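Here is the structure we will look at, set down as structure tokens.
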Amino acid sequence: MCPPKTTLPIDSRFDVEFADSMARYETYNKHHYRPNTYLHKWWGRRCGSTFRLILKGLVEEPAQQSYYAPGGLEGKVILDPMMGGGTTLHEAIRLGASVIGVDVDPIPVLQARATLTDRSLPALKTGFAHFFEGLSESVSACFRTHCPVCDEQVPLWYALYGLRRRCACGDVLVVDSLIIRHEPDGTVLRWCERCGEICTDTSHICHGVGPRLVEKGQDRCEVCGERLQDEPDTPFYRRYEMLAVAGHCAEHGLFHKSPDGRDLDSVRGANERRAELSLRVEEFCVVPGDKSIQLLNRGIDNYLDLFSSRQLIYLSEAARLLPDDDPVLRLNLALLVSTALEFNSMLCGFKGVKKRRAGAVRHTFSHHGYSFPYTALENNPVYPRRASGTLQKLFHSRIVRGLTWAREPLERVVPDAQARFVPITGELDMGTEVRSAESLFPSVRNFFLIQGSSVQLPVPTAGIDAVVTDPPYFDSIQYGDLSAFFRVWLRRFLPDAADWDYAQKSAAVNSERDTMADHYVELMTAIFRECRRVLKPDSGRLIFTFHHWQPRAWAALSIALYDAGFVLLNRYVVHAENPMSVHISKMRALTHDAILILAARERVHETRWKSDISPFDPESYRFTHRCATMLGWILDQPGLSPSEIEKFWNSSLHGDEFSGTLDGPLAD
Ligand SMILES: C[S@@+](CC[C@H](N)C(=O)[O-])C[C@H]1O[C@@H](n2cnc3c(N)ncnc32)[C@H](O)[C@@H]1O
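Right, here's the structure in full:
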């Protein structure tokens, strides 16, 4: 290979083994490893440790090249044109770089602003305490219950509901499992299927009065034999009936009980107040999209219907009580209430059955789409304890812990089996926001955030040291469509903070329902061209991660890079996904990312990638490695047409023999 005039460490070396071992820990619990990057829900986040290693590959000063050495990118400018959850920005700022972050969707921009801006922890704590107190005063009366032993009134922790279905016999309630909980003393708490009462195996005398219960999977009534029918015309939140209430009594501890009249009255009372709430229904309409179609297919055409009336009362009060006098505080609290939506809707499930249970709430987006629980969990967002999905819990884990960590970032020491973390003294995971690319200089850790499409950037030509990003993986995640679940509320909490009506079609995400890849190719080509324009000619690198099973995804990516005039200098394949993650477990998912190192074609006189003719191999690492090699080979070929590129991929990834020789110039 005739390397570009300026070579960088990452052009020829990357510690894959180290990256893998770090990623295997981090993918297990990313929040834990990068708490300051996870204020708000976003999808498809990459490992912070992997991107730190990538950025360390741009460090020229040998003394600062080690993963555990602080800094190394002072004076450099790193651009992430598709920043999403902001992994690149956080990692680059820690290394002293100034950064530009772009995203079409407002949530990534607001989150990056909130988490990269230095803010006073005491002021945040005081502000949150005041906000929480006001909320508790105005809504906690809706979330109360009574201890089944002493009848003491206590805060409701959560309520469990069964999904109502009908047959000729009448209503039945469907639940995930008749078992509610394995108690520490070995008893099993369950629902009686004949009357719905909560009982333990030994304690119940059934009077046969009350709702019949069946477990999911039983689609027909055992009595009349009819198929159990859903109620698509009933508003979603009313399709469920309360079957259990959980709370904690200071004297008698944690309890799960069947709802009493007062518990049911509290729901009825809230339902009566629902229509009076100052929520403009038209602002919450579901706009059809690849994932929101799942809602519309179930007769859900308004996001308000996904919340119980108590949850809506809380949200409407939260919007009223957000502080007006402190924009930083308002931004942080608005994002907190928004991200808490994922744990406080009637789309939440119950994961408290298992003996080993990490928190009760199965959050709304445990999959990259909508799933509809049988046993729905109505959480109490103002529950005074740090329980799963409550404001107290999220404030401490997402804001307090995030900000504390940002002041002294920690890194895990591998290969120590024992989880040992060391501070990277001198690094700060925050910076100063500037309003233009020109204002990024001369100091370090400045950040410039842009909401918009990266097909055109307000950034001078040839001024960027590296573009480090992670584009949408073709059609894998429908970001804009999914984030509407949050945007409809955030636009209410922060009306002037963003362009809430941005054009969805400006997102470089291919629709799952679209057989053609044109949309993705067109936008990715324009984005890559813009990257080439802004990159420094010789030393500029375009670096991003990618994986996909489908040949048309790789073909679309190749065509875009080819047209934008990039060649592949090198590629590394690293672990990227925890195979046990709910959204991919039991699916034949790829768990590796290819890290692609590219430079402008005219700057690289020759690379000699050779096509990889090895037989089709579905093993994640080898498959991804082969695709990245193929990409290198294709970008080397002169005068290829898009259809020829598609043909190469279609023939290659379907295992058909493919002519050519076999070795990479950098074959490892
Ligand atoms: C895979 S995500 C990035 C995730 C990020 N690397 C992380 O670790 O959190 C890709 C992002 O590209 C954004 N995007 C899609 N089309 C875009 C465009 N035309 N301009 C800017 N951003 C775009 C999406 O909204 C999404 O947030």
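What the sequence shown shows, in our numbering, is residues 235 to 902, in sequence order. Note that CB positions come from ideal geometry on N, CA and C, so glycine has one too. The model shown is predicted, which means the values in this text are computed figures rather than measured ones.
- F720 has its alpha-carbon roughly 46 Å from the corresponding atom of P872.
- Residue state for L292 is assigned as coil, using DSSP reduced to three classes.
- The beta carbons of P607 and G623 sit no closer together than 8 Å.
- Here Q685 is buried: its Cβ has 16 or more other Cβ atoms, across all protein chains shown, within 10 Å.
- Taking the C-beta atoms as reference points, S512 is found no nearer than 8 Å to S542.
- The stretch 714-733 makes contact with the stretch 565-576, as at least three CB pairs between them are under 8 Å.
- Look at L757: its beta carbon is less than 7 Å from one of the heavy atoms in ligand 1.
- As DSSP reads the structure, D314 sits in a beta bridge with G335.
- The beta carbon of T284 sits no closer than 7 Å to any heavy atom of ligand 1.
- In the three-state reduction of the DSSP assignment, G368 falls in the helix class, which pools H, G and I.
- G774 has its Cβ no nearer than 7 Å to any heavy atom of ligand 1.
- DSSP, read as helix, strand or coil, puts L791 in helix.
- Remark: the shortest separation between the CB of T825 and any heavy atom of ligand 1 does not fall under 7 Å.
- Between L355 and W425, the CB-CB gap reaches or exceeds 8 Å.
- DSSP places D497 inside the alpha helix (DSSP H), whose first and last residues are 495-508.
- In this model, L412 and R473 are separated by some 19 Å (Cα to Cα).
- By alpha-carbon distance to H597, the top candidate from E576, D464, G603 is E576.
- For C483, the enclosing beta strand (DSSP E) starts and ends at 474-483.
- By the Cβ rule, the stretch 242-259 counts as touching the stretch 286-297, because three or more pairs are nearer than 8 Å.
- The criterion of a C-beta distance shorter than 8 Å is not satisfied by C281 and C384.
- Counting only the Cα atoms, M316 lies some 7 Å from S688.
- Q298 sits in a helix when the DSSP states are folded into three classes.
- Annotated three-state conformation of D827 is strand, per DSSP.
- In this structure, the C-beta of R328 stays at least 7 Å away from each heavy atom of ligand 1.
- In this structure, ligand 1 has no non-hydrogen atom nearer than 7 Å to the beta-carbon of P607.
- Per DSSP, reduced to three states, the secondary structure at C765 is helical.
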